[in-house]
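There are 6 protein chains.
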Amino acid sequence: MRLQLSTWPQVEDYLESSRGIIVPIGSTEQHGPTGLLGTDALCAEAVAVEAGKRAGIMVAPGIPVGMAVHHMTFAGSMTFRPSTLIAVVRDWVTGLAAHGFERFLFVNGHGGNIPTLQSAWYEIHCETREATDRGGKGRDLRFAVQNWWAGTQVKAYCDEVFGPADGSHATCGELSLMHFLYPDEAPTTAGLEPRVAPTSAYHDAEHFRRVHPDGRMGSDPSLANADHGGRLFDIAVTEALGRYETLMAEE
Amino acid sequence: MRLQLSTWPQVEDYLESSRGIIVPIGSTEQHGPTGLLGTDALCAEAVAVEAGKRAGIMVAPGIPVGMAVHHMTFAGSMTFRPSTLIAVVRDWVTGLAAHGFERFLFVNGHGGNIPTLQSAWYEIHCETREATDRGGKGRDLRFAVQNWWAGTQVKAYCDEVFGPADGSHATCGELSLMHFLYPDEAPTTAGLEPRVAPTSAYHDAEHFRRVHPDGRMGSDPSLANADHGGRLFDIAVTEALGRYETLMAEE
Amino acid sequence: MRLQLSTWPQVEDYLESSRGIIVPIGSTEQHGPTGLLGTDALCAEAVAVEAGKRAGIMVAPGIPVGMAVHHMTFAGSMTFRPSTLIAVVRDWVTGLAAHGFERFLFVNGHGGNIPTLQSAWYEIHCETREATDRGGKGRDLRFAVQNWWAGTQVKAYCDEVFGPADGSHATCGELSLMHFLYPDEAPTTAGLEPRVAPTSAYHDAEHFRRVHPDGRMGSDPSLANADHGGRLFDIAVTEALGRYETLMAEE
Amino acid sequence: MRLQLSTWPQVEDYLESSRGIIVPIGSTEQHGPTGLLGTDALCAEAVAVEAGKRAGIMVAPGIPVGMAVHHMTFAGSMTFRPSTLIAVVRDWVTGLAAHGFERFLFVNGHGGNIPTLQSAWYEIHCETREATDRGGKGRDLRFAVQNWWAGTQVKAYCDEVFGPADGSHATCGELSLMHFLYPDEAPTTAGLEPRVAPTSAYHDAEHFRRVHPDGRMGSDPSLANADHGGRLFDIAVTEALGRYETLMAEE
Amino acid sequence: MRLQLSTWPQVEDYLESSRGIIVPIGSTEQHGPTGLLGTDALCAEAVAVEAGKRAGIMVAPGIPVGMAVHHMTFAGSMTFRPSTLIAVVRDWVTGLAAHGFERFLFVNGHGGNIPTLQSAWYEIHCETREATDRGGKGRDLRFAVQNWWAGTQVKAYCDEVFGPADGSHATCGELSLMHFLYPDEAPTTAGLEPRVAPTSAYHDAEHFRRVHPDGRMGSDPSLANADHGGRLFDIAVTEALGRYETLMAEE
Amino acid sequence: MRLQLSTWPQVEDYLESSRGIIVPIGSTEQHGPTGLLGTDALCAEAVAVEAGKRAGIMVAPGIPVGMAVHHMTFAGSMTFRPSTLIAVVRDWVTGLAAHGFERFLFVNGHGGNIPTLQSAWYEIHCETREATDRGGKGRDLRFAVQNWWAGTQVKAYCDEVFGPADGSHATCGELSLMHFLYPDEAPTTAGLEPRVAPTSAYHDAEHFRRVHPDGRMGSDPSLANADHGGRLFDIAVTEALGRYETLMAEE
């Protein structure tokens, strides 16, 4: 159930039987010379929506931009400052919590979001704690994140079919998912040089570009295809649902 | 051209010939007992994407949540605090401006966004001005908004076919557009009571709910349908393109 | 009744019988080569104070600086960043609301303030809403704005006596009001070139100066005088009182 | 010269020969059962304006509300949070500095403003310093404050004529100045009980009210009158001018 | 009792019998060519810890960086922006207040901290006041500061033994305290030129360096030694305890 | 070399040959019924200072409070809101960077700090990036963190000597380090019930206390002692130096 495709009475009904919701969070940032800028946002949203559909879970609108300052030397990349993203997640959650949602599974598409996302949860916990200390109504808010690309089975699949050339940015895994989701948008990977991108730590955006001149980290995009994407999609959805069930089952 | 479905070299190419971009901004808020919560976000995004497609204009990812505090007494409604939305628009624009975008047409789906959106532009102008005063590189950023539902031709069409029962929230116009865009999601409007919702000014969310108990303002959703939606979509896209051309033509 | 010229017991008494207050909000910004920088602040304050006097309404101290970034290329112009102005209005209102004021009519002297002023109201509504959600005491705060220059009768008068040369910045209407209020401060308008200033849209402060080199927009200040000002003052006060009555009468 | 009663070319002319400006800063807060809420704002503004008039110094619009949280248990008192007041002073100064003002004498009417006012200066210095570190154009901004009631001669006069019953809040000195400035607004001081208010340290607003039940601290308002006020006004203006000259003469 | 060297049950026990706590606040900033950068932080912490030890008072961890923007032209100096320091003090206090601490004596080592520290207290009072206005649980928080170097007896001692060459920054008094606390770290003062540093007002960091080229203000560090430091330490601790007792005794 | 025990000329000299600095960051939070509240801050600071001493690296003052909201239901625990901690780290780094420091190794004592610390680095990178985009002087700032308890050799040692009863909060490892550093402060662990604390995930502070009633997570503090602490200290210092060398060697 997508919240954006529900009416308010439908959400009210849903809350009678569940306090859980899935929130996609992505990023709009370069994914190498052949990967699409929306990869992280679109993959996370697709996995979340399909998980919601399969299990009747409410899915909030996705956060389409993330924390991606290190990609800003590549055209089209966007980023929130961490302080902005904290405010965004805080408002996203606070609004939903006002209606009664209490368990939030974030389906995340971008590694760079993780620290700020967790910081946002802490910021919310601080605010709740202080309100409670002042005699306000407490809230039992709980958060979890499923980084779809890092699920055990997803990783196992990628290791098996892509090996080390899966890479760590603009990976074969996420590019495959995009081939599956947007089959008409696949840019050619012919002529990529080098075929497998270099691997190296990076610091700020200028440093990133210096050590990763075309934006890829360690990946060979020519290995990606829609068949792998379809299989990965199914695994990622299953793993997201597993994470959701664990969150809901906690006492 | 959707930025999220482009690669960074494609964005770099685009910037060779144009400095303009369209940014959809919506809201996720109740639209009466039969309207979908995502109406404002999904309509704005659809109009923007189609406009971009027709005229080869880059379209940024849409802002899916807006300033909708007055709807917060209805389940599922979300809102940014204005201060958060200002930061969001500021980061959205600043990131794109870093790559060279200088003309921003916001295609807006929600009246409640307008003041805060304009405030955000002023906040950006303040920041630019102060940087320039300190000797920093200036930026000639220009902003405009097309409230798709308020275009001359869109309004004329709605006046003609819906008359006063178009209403001012959960309007027949926007509900028709949603019927057109999401034909499978249309909840029944049978049994709405009263058929035409009351019209009244409102202040905060509690007041809104008191004077508009089911969330509609002045509208009769039973008049909405996909045929009208298709026609309105086409008009709205045309008007958005007109506004974009004006913005780009200004000296 | 000016709050600043009242004692605290007098304010306490006033609150026994009324929850309404008028808040002037202006701007300190260039008004063309002959208009005074304080025009928007001083006109708004004068209209508000006179309205309060006539009808026994409490009048808060005025906000003397507004959102005027687009005037910053002219010496002496001042501006709040929107984020600051939101905090200012928020503190202004929150302090007064702590004592029991609940209906706020802002008498505004500057068009550029409107979006940020409304954003500030929304920010306050968000804060109130969240406090209520946490079990805090609700507040039924209501806000309205009277843009004194845009009242129906004020506009009718200006249309009649100034015609199109009233302009849209440094207008004959506001300059006349200043002649009436500050008869000794009137700079000569002799030799203005062109007599009627150009009209054109603008974006940031540099653009404004380029298209409006002396600061005026469309006006011919030589048409302004104290007699018109006196008449406009009376009309503006009457219209402000009408707006206040409507606000107080709302259920 | 009041900036609000100048045109932008007049300010431009002024800046040819001077970089100095006087900024009044006051407060709107209870001044005991007979003192006017605007005492601190109106006294500071009057002293500043007269000083400007005598010596041809530009005077900015005054900040009418200050940091007065400890007075908030008395009806009509207003306060900025310190964080807001810092932003206000920062924008006030930054706007004026953009035009070339570099020396700011604040004529202050309220002791509670001092720490936050100084913090605001430091905040501005931090911002300037960081901009300079990044290669931005430096600014030689200098700030000073004249607390009009605390000038050597003002204090000597008050000590002589009022003795200890001058008090430390709602003092005979400031009430006298208000009698002089607003002779028609003087509430009677007959029947004040006790005639001389208690003196005691205070912490927050509730504590203040407990130890100072009618709002006065140590003063006997019946000693105040317009004659003393007129004399104090003259002394305060002279001392403010002396402080301004010192500021301008510093290397 | 140092809070950092206590267990949580020990703190819980302490709160059974006392609501008071001492908070050291210092600065890390240049102290002339021979003074250590940590002087203000280390002196304040030492005085606070010893006071806590003598009288069984809980001592919070110290704030090691303060507001010292005017020292930033000397290598190694650090500063909080005032807005950051306000947030720091606010969180420091709010966390401790959540457990029941209500009386806070700040033992301060740096004059430049005073305005911002007081602003932070006001910010906390504003927050408490607003929470109470909304029906939240009130808090009777009280703050005081002991500037160790400015206690009556400390000053008397320094006047007597150092005379005017004590100076006002990198003073003989604080340098002596550091000699006593860190006897192995004493840099030589041989060859200082001039022996007694100049005295002069300053504005921003560049101005400070211009008028105080080696960082000292008015002091002759060669007069400082560990014996004086030991005596001053004892006096400062005694005065801090006196101030604490006064705070606790207030009704 | 501790920065706080250096003079400004010494720091200036240091910067001639190195751009690297170590910054300790800890937390003040409950460490079970027998662990000291300052464990995370004091361990991090000690490891950092010793590392600096051994290798002649400058060590900044430590940040004594961290992000520890989940411990706030235990007396004496303190926390920064993430937004405050981001500002703190930002000011800490910005001040040092102004003097020329460019490589920052944070020696961290608290797992809960990690996301916010990383968010702070991103916030700084955003600020630097935007300044550069505006033409400002770039900065090649690089950050790394050494979580002393999580170094490969530290973990190996703890696994070997403590096994699973090392736990994950108030661990035998960190308690041992505190025994070593503060041998006189060791509270008895006799009678702890259960001897090995339960292990469980947690969400907010109330949940934490419910599942970890005495504050420990999985540890048996009776296994900790000063001998193990001494050995761990040495290993942790060695690993921190290794991490520093890697950071400095990166191109």
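Sequence lines, in order, name chains A, B, C, D, E and F.
Just so you know, the first sequence maps onto residues 1 to 251 in my numbering.
Just so you know, the second sequence maps onto residues 252 to 502 in my numbering.
Just so you know, the third sequence maps onto residues 503 to 753 in my numbering.
Just so you know, the fourth sequence maps onto residues 754 to 1004 in my numbering.
Just so you know, the fifth sequence maps onto residues 1005 to 1255 in my numbering.
Just so you know, the sixth sequence maps onto residues 1256 to 1506 in my numbering.
Glycine is no exception: its CB is placed at the ideal position from the N, C-alpha and C atoms.
These numbers come from a predicted model, not from an experiment.
Practice problem: Examine chain E for any beta-carbon lying closer than 8 Å to the beta-carbon of Gln-1285/F, and answer yes or no. | Solution: Within the sixth sequence, numbered from 1, the residue matching residue 1285/F stands at position 30. Cβ-Cβ to chain E under 8 Å: yes for Gln-1285/F.
Quiz item: Hey, how far is the Cα of Ser-724/C from the Cα of Glu-687/C?
Solution: Translated into positions along the third sequence, residue 724/C becomes position 222. Translated into positions along the third sequence, residue 687/C becomes position 185. Distance between the alpha carbons of Ser-724/C and Glu-687/C is about 15 Å.
Quiz item: Between Asp-893/D and Leu-838/D, what straight-line distance do the alpha-carbon atoms span, to the nearest angstrom?
Solution: Working through the fourth sequence from its first residue, we reach residue 893/D at position 140. Working through the fourth sequence from its first residue, we reach residue 838/D at position 85. Rounded to the nearest angstrom, the two C-alpha atoms are 22 Å apart.
Self-check item: Coil, strand or helix - Phe-1359/F by DSSP
Solution: Taking the first residue of the sixth sequence as 1, we reach residue 1359/F at position 104. DSSP places Phe-1359/F in strand when its eight states are reduced to three.
Exercise. Would you decide whether Glu-1506/F is buried or exposed? Buried here means 16 or more other CB atoms lie within 10 Å of its CB.
Key: For this step, residue 1506/F is matched to residue 251 along the sixth sequence. Glu-1506/F should be labelled exposed.
Quiz prompt | DSSP state of Ile-22/A mapped onto helix, strand, coil | solution = Position 22 of the first sequence, counting from 1, holds the residue named residue 22/A. Three-state DSSP puts Ile-22/A in a strand.
Exercise. Can you tell me which of the three DSSP states Gln-532/C falls into?
Key: Within the third sequence, residue 532/C is the residue found at index 30, counting from 1. Gln-532/C: coil per DSSP, three-state reduction.
Self-check item: Val-551/C vs Arg-504/C beta-carbon contact at 8 Å
Solution: The residue given as residue 551/C occupies position 49 in the third sequence. The residue given as residue 504/C occupies position 2 in the third sequence. It is a contact, given that the beta carbons lie within the stated cut-off.
Practice problem: Taking the CB atoms as reference points, tell me whether Ala-672/C and Gly-717/C lie closer together than 8 Å. | Solution: Within the third sequence, numbered from 1, the residue matching residue 672/C stands at position 170. Within the third sequence, numbered from 1, the residue matching residue 717/C stands at position 215. Their beta carbons are under 8 Å apart, which means Ala-672/C touches Gly-717/C by this criterion.
Quiz item: Span of the alpha helix (DSSP H) holding Phe-484/B?
Solution: To locate residue 484/B, count along the second sequence from 1; it is residue 233. Residues 477-500.
Quiz prompt | For Phe-1110/E and Val-1027/E, believed in contact at Cβ under 8 Å, the rounded distance | solution = For the purposes of this step, residue 1027/E is taken as residue 23 along the fifth sequence, with counting starting at 1. For the purposes of this step, residue 1110/E is taken as residue 106 along the fifth sequence, with counting starting at 1. Rounded, the Cβ-Cβ distance is 5 Å, consistent with contact.
Quiz item: Listed from N- to C-terminal order along the chain, which residues in the region 1361-1395 of chain F have their beta-carbon within a distance smaller than 7 Å of any beta-carbon of chain D?
Solution: Ala-1386, Gly-1391, Lys-1392
Practice problem: Report the residue from Val-59/A, Gln-153/A, Leu-232/A, Asp-204/A whose alpha carbon sits nearest the alpha carbon of Phe-101/A. | Solution: Locating residue 101/A in the first sequence gives position 101, counting from the first residue. Comparing Cα positions, the closest option is Val-59/A.
Quiz item: Which of helix, strand or coil does DSSP assign to Ile-877/D?
Solution: Position 124 of the fourth sequence, counting from 1, holds the residue named residue 877/D. Three-state DSSP puts Ile-877/D in a helix.
Self-check item: Chain-ordered neighbours of Ala-1353/F on chain D, where CB pairs are closer than 9 Å
Solution: The residue given as residue 1353/F occupies position 98 in the sixth sequence. Correct list: Arg-882, Glu-883, Asp-886.
Exercise. Quick one: grab the DSSP three-state call for Arg-1309/F.
Key: On the sixth sequence, residue 1309/F is found 54 positions in, with the first residue counted as 1. Looking at Arg-1309/F - three-state DSSP - the assignment turns out to be helix.
Quiz item: So, does the CB of Met-825/D fall closer than 8 Å to a CB anywhere in chain E?
Solution: Translated into the one-based positions of the fourth sequence, residue 825/D becomes position 72. With 8 Å as the cut-off, Met-825/D counts as an interface residue toward chain E.
Practice problem: Just mark Glu-1448/F as buried or exposed, buried being the case when its beta carbon has 16 or more other beta carbons within 10 Å. | Solution: In the sixth sequence, the residue the question calls residue 1448/F occupies position 193. It is exposed - the Cβ of Glu-1448/F has fewer than 16 other Cβ atoms within 10 Å.
Quiz item: When you compare only the Cα positions, how much space is there between Gly-1171/E and Ala-1160/E?
Solution: By one-based count along the fifth sequence, residue 1171/E stands at place 167. By one-based count along the fifth sequence, residue 1160/E stands at place 156. Their Cα atoms are separated by approximately 14 Å.
Quiz item: Does any CB atom of chain D fall closer than 8 Å to the CB of Thr-1407/F?
Solution: Looking up residue 1407/F in the sixth sequence gives position 152. False, the Cβ-Cβ gap to chain D never drops below 8 Å.
Quiz item: Does any C-beta atom of chain D lie closer than 8 Å to the C-beta of Ile-1067/E?
Solution: As a first step, residue 1067/E is located in the fifth sequence; it is residue number 63 there, counting from the start. Taking Cβ atoms only, chain D never reaches closer than 8 Å to Ile-1067/E, which makes this a no.
Quiz item: So, are the CB atoms of Gly-865/D and Trp-902/D less than 8 Å apart?
Solution: Position 112 of the fourth sequence, counted from the first residue, corresponds to residue 865/D. Position 149 of the fourth sequence, counted from the first residue, corresponds to residue 902/D. No; because the gap between Cβ atoms is not below 8 Å, this pair is not in contact.
Self-check item: Backbone secondary structure at Arg-718/C - three-state DSSP
Solution: Reading the third sequence from its first residue, position 216 is the one you call residue 718/C. Coil at Arg-718/C, not helix or strand.
Quiz item: Do the region 1117-1130 of chain E and the region 1370-1390 of chain F meet, that is, are 3 or more Cβ pairs less than 8 Å apart?
Solution: no
Quiz item: Between the region 951-971 of chain D and the region 1129-1136 of chain E, are three or more C-beta pairs nearer than 8 Å?
Solution: yes
Quiz item: Between Gly-848/D and Met-580/C, is the Cβ-Cβ spacing less than 8 Å?
Solution: If you number the fourth sequence from 1, residue 848/D lands on position 95. If you number the third sequence from 1, residue 580/C lands on position 78. The answer is yes: Cβ separation under 8 Å.
Quiz item: Sorry if obvious, but does the Cβ on His-212/A come closer than 7 Å to a heavy atom of the ligand ADP?
Solution: This structure lacks the ligand ADP, and indeed carries no ligand of any kind.
Self-check item: Sequence-distant residues of the same chain with beta carbon closer than 8 Å to Asp-91/A, five excluded per side
Solution: The residue labelled residue 91/A in the question sits at position 91 within the first sequence. So the list is empty, once near-sequence residues are dropped.
Practice problem: With DSSP as the reference, please indicate the residues paired to Gly-788/D in a beta bridge. | Solution: As a position in the fourth sequence, residue 788/D is number 35, starting the count at 1. Bridge partners of Gly-788/D: His-784/D.
Quiz prompt | Where Arg-1336/F falls: helix, strand or coil (DSSP) | solution = Within the sixth sequence, numbered from 1, the residue matching residue 1336/F stands at position 81. It is coil, neither helix nor strand.
Exercise. State the start and end residues of the unbroken alpha helix (DSSP H) segment that holds Val-1409/F.
Key: Within the sixth sequence, numbered from 1, the residue matching residue 1409/F stands at position 154. Taken as a continuous stretch (DSSP letters only), the alpha helix (DSSP H) holding Val-1409/F covers 1407-1417.
Quiz item: Along the chain, where does the alpha helix (DSSP H) that runs through Phe-208/A open and close?
Solution: Taking the first sequence and counting its residues from 1, one reaches residue 208/A at position 208. Segment 205-211, the alpha helix (DSSP H) holding Phe-208/A.
Quiz item: Does any C-beta atom of chain A lie closer than 8 Å to the C-beta of Glu-1494/F?
Solution: As a working mapping, residue 1494/F is identified with position 239 in the sixth sequence. Chain A contact via Cβ: absent.
Quiz item: Between the C-alpha atoms of Pro-563/C and Gln-532/C, what's the straight-line distance to the nearest angstrom?
Solution: For this step, residue 563/C is matched to residue 61 along the third sequence. For this step, residue 532/C is matched to residue 30 along the third sequence. Near 22 Å, if we compare the C-alpha coordinates of Gln-532/C and Pro-563/C.
Practice problem: Mind checking which residues open and close the alpha helix (DSSP H) that includes Val-11/A? | Solution: Here residue 11/A refers to the residue found at position 11 when the first sequence is read from its first residue. Note, Val-11/A: alpha helix (DSSP H), 8-17.
Exercise. For the beta strand (DSSP E) containing Phe-1329/F, list its first residue and its last residue.
Key: For the purposes of this step, residue 1329/F is taken as the residue at position 74 of the sixth sequence. That residue, Phe-1329/F, is in no beta strand (DSSP E); it is neither H nor E in DSSP.
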